[in-house]
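S.K.:
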Amino acid sequence: DIQMTQSPSSMSVSLGDRVTITCRASQDIGNYLSWYQQKPEKSPKLMIYGATNLEDGVPSRFSGSRSGSDYSLTINSLESEDTGIYFCLQHKQYPHTFGAGTKLELK
Amino acid sequence: QIQLVQSGPELKKPGESVKISCKASGYTFTDYAMHWVKQAPGKGLKWMGWINTYTGKPTYADDFKGRFVFSLEASASTANLQISNLKNEDTATYFCARSRELDYWGQGVMVTVSS
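Respectively, the protein sequence lines represent chains A and B.
Just so you know, the working numbering puts 71 at position 71 of the first sequence, and the rest follows in order with no gaps.
Just so you know, the working numbering puts 108 at position 1 of the second sequence, and the rest follows in order with no gaps.
Set out below in structure tokens:
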């Protein structure tokens, strides 16, 4: 199975900060990588697909990038509504595998 | 608009069975696969497998072979997840999600297994 190593596990951030979350894939997954935001008691919401593509309706302060086997989600100028848990998902190969999640909290 | 609406919460005893439904609307049901994801309380997401909504063929992740069954009521644009011989460790929220990219998700069904 492909392992997705996500870091950090949690971040305490301030409004206006630039935040970067990373997932490293244990095998080649190409651009078959998505990012999700999950709020408490809610289902995950797709934010980025194909490693770099912004889902419709997602604010432009969110972006995705890839460098080799490292995939990053960046939030420019964090807003209060951006708190929650962020997960990456590889869907290159079955079984699909998720990163362990990054909990984003305000200081 | 695209929606996946799941059935309500369940409270079951060990050894019992449960069937969860996921009704899709706003798109052609058979054009996209349906995937299932488990989230234990306070934990991350675990992919359970998927069902081809055109052929009805299910594919299960290794940890979900045996007691878990994916099925369809295609005429009702509904995917189902049945879990038999429930164990305490099956206590979780179960999500359905559309397509390989998991682009749309149901609201989740909390299944609690307790004696």
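Ideal Cβ placement from N, Cα and C applies to all residues, glycine included.
Small disclaimer: the values here were computed from a predicted structure and weren't measured.
Could you have a look at Asp210(B) and say whether DSSP puts it in helix, strand or coil?
M.R.: coil
S.K.: If you reduce the DSSP assignment to three classes, tell me which class Ala51(A) lands in.
M.R.: coil
S.K.: Can you tell which of Val58(A), Asp1(A), Gly16(A) has its C-alpha closest to the C-alpha of Ile29(A)?
M.R.: Proximity to Ile29(A) across Val58(A), Asp1(A), Gly16(A) peaks at Asp1(A), based on C-alpha coordinates.
S.K.: May I have the straight-line CA-CA distance separating Pro8(A) from Arg205(B), to the nearest angstrom?
M.R.: 28 Å
S.K.: Quick one: grab the DSSP three-state call for Ala204(B).
M.R.: strand
S.K.: Spell out whether any CB of chain B is found under 8 Å from the CB atom of Ser34(A).
M.R.: yes
S.K.: Alpha carbon to alpha carbon, how far is Tyr211(B) from Gln110(B)? Give it in angstroms, no decimals.
M.R.: 7 Å
S.K.: Is there at least one Cβ from chain B nearer than 8 Å to Gly101(A)'s Cβ?
M.R.: Cβ-Cβ to chain B under 8 Å: yes for Gly101(A).
S.K.: Using a cut-off of 8 Å between C-beta atoms, extract the partners of Trp143(B) located in chain A.
M.R.: Against chain A, a Cβ distance below 8 Å from Trp143(B) picks out nothing, because the smallest value is about 11 Å.
S.K.: Residues in its own chain within less than 6 Å of Lys119(B) by CB, not counting five upstream and five downstream?
M.R.: Val125, Leu193, Val220, listed in sequence order.
S.K.: Closest to Gly57(A) by CA distance: which of Val13(A), Leu15(A), Lys45(A) is it?
M.R.: Lys45(A)
S.K.: Would you give the residue range spanned by the beta strand (DSSP E) that Phe177(B) belongs to?
M.R.: 175-180
S.K.: Quick one: is Thr166(B) near chain A, going by C-beta distance under 8 Å?
M.R.: yes
S.K.: Let me know the secondary structure DSSP gives Thr83(A) once reduced to three states.
M.R.: coil
S.K.: Which word fits Thr185(B), buried or exposed, when buried means at least 16 other C-beta atoms lie within 10 angstroms of its C-beta?
M.R.: Buried, since its Cβ has 16 or more Cβ neighbours within 10 Å.
S.K.: For Val216(B) and Lys42(A), what's the separation of their Cα atoms in angstroms?
M.R.: Each residue's Cα considered, the two are about 11 Å apart.
S.K.: Within 10 Å of its beta-carbon, does Pro165(B) have 16 or more other beta-carbons around it, so buried, or fewer, so exposed?
M.R.: buried
S.K.: Would Ser69(A) pass as an interface residue toward chain B - the criterion being a Cβ-Cβ separation below 8 Å?
M.R.: No - not a single Cβ of chain B is within 8 Å of the one on Ser69(A).
S.K.: Considering only C-alpha positions, which residue in the set Asp169(B), Asp197(B), Gly156(B), Asp170(B) is nearest to Phe177(B)?
M.R.: Gly156(B)
S.K.: In chain A, which residues lie less than 9 Å from Lys208(B) when you measure between Cβ atoms?
M.R.: Before going on, a small fix: residue 208(B) reads as Glu here, not Lys. Ordered by position in chain A, the residues that pass the 9 Å Cβ test against Glu208(B) are Tyr32, Ser34, Leu46, Tyr49, Gly50, Leu89, His91.
S.K.: Is Ala147(B) helix, strand or coil when you go by DSSP?
M.R.: coil
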